[in-house]
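Peer 1: Protein chains in written order, with my numbering: chain X, 19 to 123; chain V, 426 to 1052; chain P, 13 to 506; chain G, 52 to 549; chain B, 25 to 192.
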Amino acid sequence: MEVSFMSYILLAIILFSMGIIGVISRKNIFIVYMSLELMLNSINLMLVTLSKHFGNMDGQIMAMMVIAIAAAEAAIFLSLIVALYKLKHSINIDDYNTLKQKGTL
Amino acid sequence: MSNYLLAWIVLIPFVSSVILGISYLYSIKVKKISNKFFTFLALLAPMSSFVLGVGFFFGLKNGVSEYLYEPYTWLGVDNYIINMGFLGDKLSIFMVLFITFIGSMIHIYAAGYMKEDEGYGKFFAYFNLFVASMLLLVLANSPLIMFIGWEGVGLCSYLLIGFYFSEPLNVVAGNKAFIANRVGDFGFLVGILFLFVYVGKLGFSYGALEEYVGIVPNHILVIIGVSLFIGAMGKSAQIPLYVWLPDAMAGPTPVSALIHAATMVTAGVYMVARFHFIYDLIPSVGVFIAYIGAFSALYAAIIAMRQTDIKKILAYSTISQLGYMFIAVGLGAYSSGLFHVFTHAFFKALLFMGAGAIIIALHHEQNIFKMGGLRKRLPLIYIVMLVANLAISGIPPFAGFFSKDEILLKAYEHQEYLIYGIGLFTAALTSYYMFRFFFVTFEGKNYISKNLEPISASMKIPLVILAIGATFSGFVGLPEVFGGTNMIHQWLSNWSVDSTHVENFKEIVLMGISVAAGLIGIAVAYVKFFKYDFNQDIKESGIIYNKFYIDELIDFLIIRRVRQISVFVSVVVDDGIIDKTVMLLSSGFINLGRRVGRMQSANTRAYAFFMLIGLSSFSLYLIFKLG
Amino acid sequence: MHIGLLTFIIFLPLVMAFILMVLPISMKLTRNIAFLTTIVVFLLSLSIFLRFRLTDYMQFREFHPWISTYGIYYSLGVDGFSMIILMLITTLIPVGYLFLWKTRKSKGYWASMLLMQTGVTGALLSLDLILFYFFWESMLLPVFMIIGIYGSGNRIFSTLKITIYTIMGSLFMLVSILYLGVQFYNEFGVWSFQLSDLVQITIMSPTQQTLLFFGFIIAFAIKIPLFPFHTWLMQTYSNSPTGGVFILSSIMAKLGIYGIVRFVLPLFPHQYVEFAPYFMWLGVFGLIYFGVAALMQQNIKRMFAYSSASHLSLITAGIFSLNIYGMTGAAFLIAAHAMATGGLFLLVGTIEHDLGIRSISGLGGIAKKAPLLTVAFALMILSIVGLPGTNGFVSEFLIVLGLFKYNNFIGIVSATTVLVAASFMFWMFQRAILVKTDNNISKMKDLDKKEIIGIFGLAVVIIAMGLYPHWFLYKIEPTLQHYLVDILKVGVSS
Amino acid sequence: MKYDDIIYLLPLLSIGVGAVVLMLLSPIKSFSINRLSWVTLFFLVFAFGATALNFGHVYSATPFKDIFSSMLITDTFSGYFSSIIITGGIVTVLVGSHYFEKANMLRGEVFSLLLFSVFGMMLLVQTTELLTAFIALEIASISLYSLMGFQKNNVKRVEGAFRYLVLGSIAGIMLLLGTTLMYAGTQSTNILEIAKYISAHPHANTTLVITGGTLILITFLFKIAAFPFQNWSMDAYEGAPLPITAFMASTFKVAIFGFILRFVLVDFHELKSIWNDMLFYIAILTMIYGSLLAVFQTSLKRMLSASSIVHTGYLLIAFVSISNIGESAATSIIFYLIAYFLSSMGAFGMLSYIASDDHLRVTYEDFKGFAHIRPYMAAMMSIFMLSLAGIPSTIGFIGKFYIFVGAIQAGYTVLAIIGIFATFISVYYYFKLIALMYFYPSSEMTNVPPLKGMTPLFIGIMALLIIWGGIGNTLISYFPGIDFLIDTARFAYQSLFM
Amino acid sequence: MIDTIFLILASFALFGAGCMIMLSNTVHSALGFIVTILALAGLYALLDASFLFMVQIIVYAGAIIALLLFVIMFLNIQQSHAPKEPSKYLFMVVSAIIMMPVDYLLFKAFYTITDIKNFSVTPKDFGDVKMLGGELFRNWLLPFEAISLLLLVALIGAVVMARKKERA
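1. Nearest to residue 261 of chain P by alpha carbon, out of P:275, P:291, P:324, P:208?
2. Where residue 775 of chain V and residue 676 of chain V are concerned, what is the direct C-alpha to C-alpha distance, given to the nearest angstrom?
3. Pick out whichever of G:152, G:136, G:115, G:176 has its Cα sitting closest to the Cα of residue 547 of chain G.
4. Less than 8 Å between C-beta atoms, sequence neighbours within five positions excluded: which residues of the same chain meet that for residue 1006 of chain V?
5. Give a yes or no on whether 8 Å exceeds the smallest Cβ distance from residue 26 of chain P to chain G.
6. Figure out for me which residue from X:108, X:48, X:22 has the closest Cα to the Cα of residue 67 of chain X.
7. Does chain V have any CB closer than 8 Å to the CB of residue 500 of chain P?
8. Measuring only between beta-carbons, confirm whether residue 1033 of chain V sits less than 8 Å from chain X.
9. For residue 442 of chain P, count the other beta carbons within 10 Å of its own beta carbon; 16 or more makes it buried, fewer makes it exposed. Which is it?
10. From the DSSP output, which residues share a beta bridge with residue 858 of chain V?
11. Shorter than 8 Å from the beta carbon of residue 294 of chain G to some beta carbon of chain P?
12. Could you check where the beta strand (DSSP E) with residue 498 of chain V kicks off and where it finishes?
13. By the 9 Å beta-carbon criterion, what residues does the stretch 220-232 of chain G contribute toward chain X?
14. Nearest-angstrom Cα distance between residue 602 of chain V and residue 688 of chain V?
15. In whole angstroms, what is the alpha-carbon distance linking residue 510 of chain G and residue 431 of chain G?
16. Would you say the stretch 476-492 of chain V touches the stretch 527-540 of chain V, given that touching needs at least three Cβ pairs under 8 Å?
17. On the DSSP letters alone, give me the boundaries of the beta strand (DSSP E) that residue 87 of chain P sits inside.
18. For residue 450 of chain V versus residue 463 of chain V, is the C-beta distance shorter than 8 Å?
19. Since I believe residue 405 of chain P is in contact with residue 478 of chain P (beta carbons under 8 Å), could you give me their beta-carbon distance rounded to a whole number of angstroms?
20. Between which two residues does the beta strand (DSSP E) harbouring residue 202 of chain G extend?
21. Along chain X, which residues have their Cβ under 9 Å away from the Cβ of residue 189 of chain G?
22. Between the C-alpha atoms of residue 150 of chain G and residue 403 of chain G, what's the straight-line distance to the nearest angstrom?
23. Is it right to say residue 167 of chain G is buried, meaning 16 or more other beta carbons lie within 10 angstroms of its own, or is it exposed?
24. So what's residue 78 of chain P in DSSP terms, helix, strand or just coil?
25. If I follow the unbroken alpha helix (DSSP H) through residue 510 of chain V, where does it start and stop?
26. Leaving out five residues before and five after residue 223 of chain G in sequence, what residues of the same chain have Cβ atoms less than 8 Å from its Cβ?
27. Cutting at 6 Å between CB atoms, please list the residues of its own chain near residue 127 of chain P, excluding the five before and the five after it.
28. Excluding the five sequence neighbours on either side, which residues of its own chain have a C-beta within less than 7 Å of the C-beta of residue 109 of chain X, listed in chain order?
29. In whole angstroms, what is the alpha-carbon distance linking residue 19 of chain X and residue 27 of chain B?
30. Pick from V:481, V:988, V:686, V:1025: whose alpha carbon is nearest that of residue 439 of chain P?
31. Closer than 8 Å, CB to CB, is residue 72 of chain B near chain X or not?
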């Protein structure tokens, strides 16, 4: 069996799905965050694979930029987590429901 | 006489009415105007019209076939053109003459009768408006214009019945009259519409209608005839639309005399005569009309036998007499019917005015069983009432004899023996109930005599004049048996249908029979009531006294049901079903919103899950789309 | 550029309304100037009436591009049918002012009244469908304000109800208008929302046309209102102040009828003819239904609301009668009913002003205190019940005749109109005005001078139209003939 | 010509420079909020002026082509959107400075972040490269997250920002994934080159491109809050301070549309119809969902948020129509955006001027009798409500007219009818406010700001613009009317294809 | 050989990711994530992206995850703080099922470009710093500059939000 382009892609897709599954099924705010990062990583894997596949560098550059973006998001994300934790004293994402619609049936 | 003066016959009372109305309002709002002004203005109008009418009468007599004045196109849509037209032919001028004459008399009488009343000016404004409408009714040259007058008199009747409008009963009676008339008008309108649709394009004046009525299919003509007659039923208080007339006596007595006895109620008879060209073509409807008339006559007479209110008795007698007229016109004897209209106007107006005088004299007492013994105390009234009673009872030589007898004769001639029999029987009943009232009022014993109010001269003069009329007006239609020439027949020769004539001998026998019937009625009344003892505590009751409970029946069967339906419609259907549906739709939408609002649960994972479903469905969509 | 008379008629009140609102002047001065404005508008429209030529085409045309990208034009014109209604509006509004004179309202009230006038005249005179829609919706806002601010009872609810109800209808119409415009574009390659252009569309299937037909009809049916879209009417009428209900009943409802004739008829002649019988029956049904419902109403305004609905149903039946009689009658009844109902509402307004809002059983004995009011009231009622000699009769007769021409049976049923209105009107008159009761009516005052002038003017016109209807009618006839012969192709007297 | 290139880049540059300058100024204590806002306004107005230099004609240029490798484009389209975005910034600053002062948010960084956000949005509508677009989107979003979470003591704020961040990140990842797929499909991420590739390979398998485009479209649907990606918007709008809500709800939406229109029109002009069935239902569901949500709200802010979902639905109607009638549908979107921008910016702005979202005048009920206290403000508010409801004589009506005509022309009459239905429902919740303001007698109201200063003036100008956009015509010579607005929108569209 | 390495790294990556999304202890899952990241770094190296291999390790494992762990420590999150998640597996299964069409679509989409043959053939210096840098500053200047602004914004944002209590 030869490691093909599709093997990488398949791995990336599976990781991507796991990321989404993590976001939806976990209540732990940190794990939700890591799942998001996992999705970004899976996209990076795709980009790098494509880069190799096409033989041009654009994919890798994009992947590098995605990492930078991920870093920027991380800063905001973590500072918001800190702020929220101070207010709510919980890392359960389901507890952040102050804005729930009122007056429903 | 110039044609345009025809319009003035109508216009003078109308203008007078408008001026009276405005001055009355001025008088009550700003500054009091003396009654003399009102009297002058009020009397001027019918008299001027009468003078004009006389002028036209002589014009016609001297050979002018008809006067026609059409000042403008009233309504012209497409090729239906209706002119505002006044037609002065022999029939209408005949009607004009007796309306304005009787009208003038009753005006004079009313000037006395109403003099204490604060609504004096208003009364005459209404009165002249009525005269104007009535004259428009008879002078109109087109059924639609006639309808204006037709409804106008109905309106005036409403206004005058409810003259003392603060009293609920009066207004109720007025409403009743108006609505009952409206039922009739509905029929009238339907008749006009049919006529209009079938021959309207060729012109809608009477002349044109008469010319082209032949093109209407016969079954339509029957509908037209019946519909128009429904109008007449309403206006002339025939079964079944008579119910309003007895209640209409709530109005002041001159009103009853003028409108509900002498003139307005005869409009139906006039109308049938006016449309003779239709009824000539459909004799079966004519017989139907005659039967309605006969039954109305009988029915009203029966009810009248047990009434205690003086005006109610007269009201029922009016219905009964109108029944006679319809017998005549129904059988095609238009001129005979109109002859009876003519004589009836005299004696019935006289009866009412006499009754009015009695009522005034007795301080508005209307129950005959609280009167009694007035013969000596009101001798003039006694005499004129005797004349009138004899006239209505058909005792020769008073006016009623000639006209009523002629109607019975016509019924006999047309071999409608049932009608003849009913008529004869009713004649007997008539003389019975009239003399019952007469004897109870003027004779009797043990009555309580009260102080009498003096009766003014202006009330007495017309009484005398009308008494003379009631005595002698029959002679204008003196039967040929007595060597006379029936001037009414001559004058209205267009409207008298030649039919087989019974021999003179038979005619005289028949006259004898009817006179005998009248006399029998008087005799019975004499026996029962001449020496009526007022001490006995007699209470009239029973089904006849209660008018066969027809009013109650109508109230129960129609009025209450309609009100129930009304409540049902507005509360159940409108508010309950339609509005509720609308409101449910809207509140349902809002409630749906409230349910959907639960999706805004502020749960991040739920939101993400929702997005995932969206993403997934997009993918599915693409999978299928791309194959 | 040229600005015509019609523009002045439409926009003078609007301009004045803005000026009056902005200027810091008193309520009384505002009112007086507003009244003068309506008088000026009346004179302008009178000059239109007198210069109106007896033809069937649009006159006093004004035509300017507005949104040229979509071929939307500022396009105005008047023909026989709209002229009658124009005269009606411009005559009635000053009369209404005379009656509203004593109501102590704010400046906004008078400004709203002026705005309302702009809305209704604009809708009446516009020949471009978008422009029409524009005014059609705009006239709702002043009504919204007047009822909401100055109304009584559950006014906010009923304001929202009327707004949502009528906007729902007009939005259906908007879709139809847009659809027509698109079809025109598809066929001719240019945009236009001109009525005269849109009637030339030939590419629509009958199904499409029928759907659009109902899109328009619903809008107008709600405004009129026809059964079963009427439930807003009763609440709105009973809760709105005199000025609002006056305009609503005597003018706006008539614009619903006008809309049908002006737009539905030429745009969908086939559907118009096809569905005419149903609408005739609907109209006649409404006539009786509303009439019966009116009988037992306790609130006078509510009763008049039902009475209005009843008559408007008859008018609707008339315009669908497919012959000149019914249509002429309908046009005439529009005028007659507007005057009578408007007058009645104004008179009820004075009663309400003096005595506060009362049900019928809370009134009574007014005739003694206020004879002039009673006379005027009676006259209006007589016109409503269609007494010959008033304009009510002529119109009802013609409508019934028109229906009769179509079908004898429906004609006979519709002839019950002479009974229906009479029964409840006279009963109401008896209980509320004539008969004396124990109720305290000492505050009741008779009409004052201005009101007398106003009502006298109405009365004269009502009688004049009853006695000489032809003079008022003959200018409409060519227009209606044009509708029937050239557009519907059914002939004048089918 | 370098000079021309600088002119073209001037708006973007000035905003970027302004943002940095403000960042540097903000720690200096002597710079009060007021002064900072003037500085901000200066940069914004300058940028607006620079944008306005190129108004009125169709142009398209790629400044510094060699340096930026054609990733940046300035054309009429971007100019149009940039000017709206800058205007949004100006209104936000005008309204916001008052609000921030009142709400005790005495931090100068607000203005810096706002300018960064404006910068991100402008970059978004000017870039032709997907990754740059993603970065621009992130710049704008992260500034907004920060602006929302600014008051970190307030649970609502932080929570709103957090939810927006989590879900926004997922959406951003979709964009990224889409970009990756586009790259996989065409070996390029530049919109123009992708377009070239697609037209050069008409028979190639387009699965990758379409899937990538779909994912980008999903991000777009998320950001404009279309069903089923709409849930976040209520929370984010509710959580944000009012001026920021205004900015997000109107301006950000404009920017997103600016990007996606360019992307879809340039790249997917031929392929777009593949989404039509899906977008058809999305448009319907968006309108219905928004209506359902808006109709029972008691808080005005939430009502406006929910109704912005409905307006998204209207825009989607036009978006669906693009594949059948490209030019007029796209133009109608562009036109409607400005109509919606004016109305909702005005409504939110007015709301934030007269209310503070925590305690004063939150719900409908709190506005009872407002018209008697501040008649002119109530009138302005009514104009905004009428325009949002699409009542004639406002620009909102013309916008809806445009969209519905387009829908019918494109054969989507059903959409037009549903749109009309949503409009009809919207009348209820918009008119309710007018009713409450006018129909109740004046009540005691505390702390109502006066009608003076720049903020009400500017809001008033917007109200006038709405009326002018609704009835303005060419009756007055040389005075631009509605046709002018429509033509401008059309130029913007045309410049995409130069 | 490459196959084997790929398979090992891939299974590490999957194992790490699985740990991350399943373990209830926050720190444990963070460790799982690190495993994944490192495995991915290895895969990058396998794909001739030597610079990215370093960046991945330094930036992700070294900075982002370290920051994350720092925050966890900073907030003193105990195991007891972790929310109760009794139904997380159910959610996972359900969301995995819902995810299927997406995965299938992605797979199908990528499958269309497998015909490009030269997957394993790349230039010698492919993916090293020099080539990457050249490319970055030649063709990707605009996003690069934009990224710098993005980081600046994130900086300001983080500072604003993490700053101590506001002055009044």
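C-beta: ideal position from N, C-alpha, C; glycine also.
Peer 2: From the atom records:
1. Comparing alpha-carbon positions, the option among P:275, P:291, P:324, P:208 lying closest to residue 261 of chain P turns out to be P:324.
2. Cα to Cα, the separation comes out at about 17 Å.
3. G:176
4. Taking C-beta separations shorter than 8 Å and ignoring five residues to either side along the sequence, residue 1006 of chain V has no partners in its chain.
5. no
6. X:22
7. no
8. yes
9. buried
10. In the DSSP output, where bridge partners are listed per residue, residue 858 of chain V has none listed.
11. no
12. 492-502
13. Cβ proximity to chain X below 9 Å picks out 220, 221, 223, 224, 227, 228, 230, 231, 232 from the stretch 220-232 of chain G.
14. 16 Å
15. 8 Å
16. no
17. 84-90
18. no
19. 6 Å
20. For residue 202 of chain G, there is no enclosing beta strand (DSSP E), since its DSSP letter is neither H nor E.
21. Chain X residues near residue 189 of chain G: 87, 90, 91.
22. Distance between the alpha carbons of residue 150 of chain G and residue 403 of chain G is about 7 Å.
23. Residue 167 of chain G is classed as buried because its beta carbon has at least 16 other beta carbons within 10 Å across all chains shown.
24. strand
25. Run containing residue 510 of chain V: none in the alpha helix (DSSP H); it sits in the beta strand (DSSP E), 505-513.
26. 185, 188, 189, 192, 270, listed in sequence order.
27. By the criterion of a C-beta distance shorter than 6 Å, residue 127 of chain P is surrounded in its chain by 29, 154, once the five residues flanking it on both sides are discounted.
28. 46, 47, 48, 103
29. Any answer about residue 19 of chain X is weak, because its pLDDT of 41 lies below 50 and its placement is not dependable; what the coordinates show is given next. Computed Cα separation, rounded: 8 Å.
30. V:988
31. yes
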